[in-house]
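If you're matching them up, the sequences are chains Z and H in order. Counting with the numbering used here, you get residues 442 to 665 for the letters of the first sequence. Counting with the numbering used here, you get residues 442 to 665 for the letters of the second sequence. Please read the structure below before turning to the comments.
Protein chains: 2
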Amino acid sequence: MTISPSAVDGAVSETAASQAFEAIKRDLIRGRFAAGEKLAISALKAEYQVGLSPLREALNRLSAYGLLEQHNQRGFRVPPLSEQELEDIARLRIQLECMALTQAMQQGDAEWESQLLAAQHRLLRADQQPSQVEQWEQAHLRFHRTLLAPCGSPWLLRFIGQLHDQFDRYRRLAPPNPAIRAQLDAQHSELVEMALDRRIQDARSLLEQHIQLSWQVAQGATGC
Amino acid sequence: MTISPSAVDGAVSETAASQAFEAIKRDLIRGRFAAGEKLAISALKAEYQVGLSPLREALNRLSAYGLLEQHNQRGFRVPPLSEQELEDIARLRIQLECMALTQAMQQGDAEWESQLLAAQHRLLRADQQPSQVEQWEQAHLRFHRTLLAPCGSPWLLRFIGQLHDQFDRYRRLAPPNPAIRAQLDAQHSELVEMALDRRIQDARSLLEQHIQLSWQVAQGATGC
DNA sequence: GGTTTTGAAATAATCGATTTTTTGCGACTA
DNA sequence: TAGTCGCAAAAAATCGATTATTTCAAAACC
Numbered sequence: 442m443t444i445s446p447s448a449v450d451g452a453v454s455e456t457a458a459s460q461a462f463e464a465i466k467r468d469l470i471r472g473r474f475a476a477g478e479k480l481a482i483s484a485l486k487a488e489y490q491v492g493l494s495p496l497r498e499a500l501n502r503l504s505a506y507g508l509l510e511q512h513n514q515r516g517f518r519v520p521p522l523s524e525q526e527l528e529d530i531a532r533l534r535i536q537l538e539c540m541a542l543t544q545a546m547q548q549g550d551a552e553w554e555s556q557l558l559a560a561q562h563r564l565l566r567a568d569q570q571p572s573q574v575e576q577w578e579q580a581h582l583r584f585h586r587t588l589l590a591p592c593g594s595p596w597l598l599r600f601i602g603q604l605h606d607q608f609d610r611y612r613r614l615a616p617p618n619p620a621i622r623a624q625l626d627a628q629h630s631e632l633v634e635m636a637l638d639r640r641i642q643d644a645r646s647l648l649e650q651h652i653q654l655s656w657q658v659a660q661g662a663t664g665c
Numbered sequence: 442m443t444i445s446p447s448a449v450d451g452a453v454s455e456t457a458a459s460q461a462f463e464a465i466k467r468d469l470i471r472g473r474f475a476a477g478e479k480l481a482i483s484a485l486k487a488e489y490q491v492g493l494s495p496l497r498e499a500l501n502r503l504s505a506y507g508l509l510e511q512h513n514q515r516g517f518r519v520p521p522l523s524e525q526e527l528e529d530i531a532r533l534r535i536q537l538e539c540m541a542l543t544q545a546m547q548q549g550d551a552e553w554e555s556q557l558l559a560a561q562h563r564l565l566r567a568d569q570q571p572s573q574v575e576q577w578e579q580a581h582l583r584f585h586r587t588l589l590a591p592c593g594s595p596w597l598l599r600f601i602g603q604l605h606d607q608f609d610r611y612r613r614l615a616p617p618n619p620a621i622r623a624q625l626d627a628q629h630s631e632l633v634e635m636a637l638d639r640r641i642q643d644a645r646s647l648l649e650q651h652i653q654l655s656w657q658v659a660q661g662a663t664g665c
């Protein structure tokens, strides 16, 4: 058997389409494109160094995921931002993540506790340099994923991840607020403490506050 | 200005890709393909009368939607069925749909009540012929959509729709159970009554029973 | 005998070119 | 002068062919 790249590094070899999907997804959440902007496919082709077919496949996936709008015969658009949609996303995040957190705390085992502490540590360390935003964002996403991971519901986690990406689109466009940011950082550690102690009600209510505080920051996105 | 087809009938003109998406989606939910089956792209090309590019775009969308699994360099597969996943889907449906129902009953107006009665009537009428399953399925889906429509949360409705499609994949594969079916039909009318009277608690608990009863039917899918 | 290698066939992914549809703008008209 | 019309340019969608990767069965090896 010829050894495929996937057998070497354990990861499945990526196609041009899947690489383009990941890259464009990242840039959409990052706020690289203006809300409402129409994507110029030939320009994207050059920027992401990818052919037309894989590019279109990536854009189709992103549309089904909700990070793009697809209009028949008139291409792809970046969805507009609205205060109202942000409210929808934030409220739903609270509902779904609190649901998942409860189940995670009931079902999480020692292995989970370890991974949660590891994720917390990575988040604290990544926090230092303001130049490496992308590093922190990745650690932050991973922290929240780890927190809810053992909830036992793949579909719930899927929806939460999707909403998180939508929410981050707003948050990352908003002007930073150091005071609130410090509070949010503190809450991450408090969440870990409560999770380890299985203080379900406390953790739920803190997670709700956490999302509401982020929401407050994210609201700055629709102002500009 | 040349009058485009869309300007005539009010609908946006469809592309080959979007038509293929709808057709294959319908067939996946219908159970036309075996669970776990690998899709033969060249065969699909012939069956859906569509070229390779639009077909692949449709399959990419379906993967992002969750009705297919995409594995890099090895094509598309129909997701396997499992008792466990069905449980996940059903439980989450209960949570999300009860949430939406509460809000819909609080916010629904007279127009909603009219549309709900209309949807109920269509469902009862479609029920008659056992030959036209597809008609009933459409009316049924529409009834449940109408019931929750005024909840005010587009994202919640999106997730509910997605879960409903997943659930139906199981339900439609399961052997029919006339006794339970009669109960389910009765519940639809009861739900309308409670919705009109704004008996929120009653309606929530009935909707939960309704989903649990459907779940019982759907469990027959993993047996065969 | 069981495992590994090999290579042809099958399949997936991508490319380049073509077709179809929309868009933008200037001329025409009431 | 506001509203149509028509045409050229631009963009989207699709096609047909090509390239890359996987699969599978037979041959070689230990």
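Every residue, glycine too, gets a C-beta built ideally from N, C-alpha and C. Just so you know, these numbers come straight off a predicted model, no measurement behind them.
Shorter than 8 Å from the beta carbon of residue i to some beta carbon of chain H?
i              : result
I530 (chain Z) : yes
P595 (chain Z) : yes
S523 (chain Z) : no
L527 (chain Z) : no
L604 (chain Z) : yes
M540 (chain Z) : yes
Q650 (chain Z) : no
V449 (chain Z) : With a pLDDT of 37 at V449 (chain Z), under the threshold of 50, the modelled position of that residue is not reliable, and the figure given next carries that caveat. So no, V449 (chain Z) is outside the interface.
Could you tell me which residues DSSP puts in a beta bridge with residue i?
i              : result
K479 (chain Z) : Z:R518
Give the interface partners of residue i over in chain Z, defined as CB-CB distance under 8 Å, in chain order.
i              : result
E455 (chain H) : N513
Determine the DSSP secondary structure at residue i, reduced to helix, strand or coil.
i              : result
Q490 (chain Z) : coil
E382 (chain Z) : Nothing can be reported for residue 382 (chain Z): it is not among the residues displayed for chain Z, which extend from 442 to 665.
T456 (chain H) : coil
Q573 (chain Z) : coil
A615 (chain Z) : coil
G664 (chain Z) : helix
D568 (chain Z) : coil
R640 (chain Z) : coil
R622 (chain H) : helix
S555 (chain H) : helix
R563 (chain H) : helix
R534 (chain Z) : helix
D468 (chain H) : helix
L647 (chain H) : helix
S504 (chain Z) : helix
R497 (chain Z) : helix
G593 (chain Z) : coil
R586 (chain Z) : helix
R610 (chain H) : helix
D550 (chain Z) : coil
G630 (chain Z) : Looking at the sequence provided, one finds Ser at residue 630 (chain Z) rather than Gly. Correct three-state label for S630 (chain Z): helix.
R599 (chain H) : helix
S523 (chain Z) : coil
F474 (chain Z) : coil
Report the neighbours of residue i on chain H: residues whose CB is nearer than 8 Å to its CB, in chain order.
i              : result
S494 (chain Z) : S494, R497
R502 (chain Z) : N501, R502, S504, A505
Starting from the beta carbon of residue i, find every residue of chain Z whose beta carbon is closer than 7 Å, and list them in chain order.
i              : result
S483 (chain H) : Correct list: empty, because the minimum Cβ distance to chain Z is about 17 Å.
L533 (chain H) : S594, W596, L597
Could you tell me whether the Cβ of residue i comes closer than 8 Å to any Cβ of chain Z?
i              : result
Q536 (chain H) : yes
Q657 (chain H) : no
S459 (chain H) : yes
F600 (chain H) : yes
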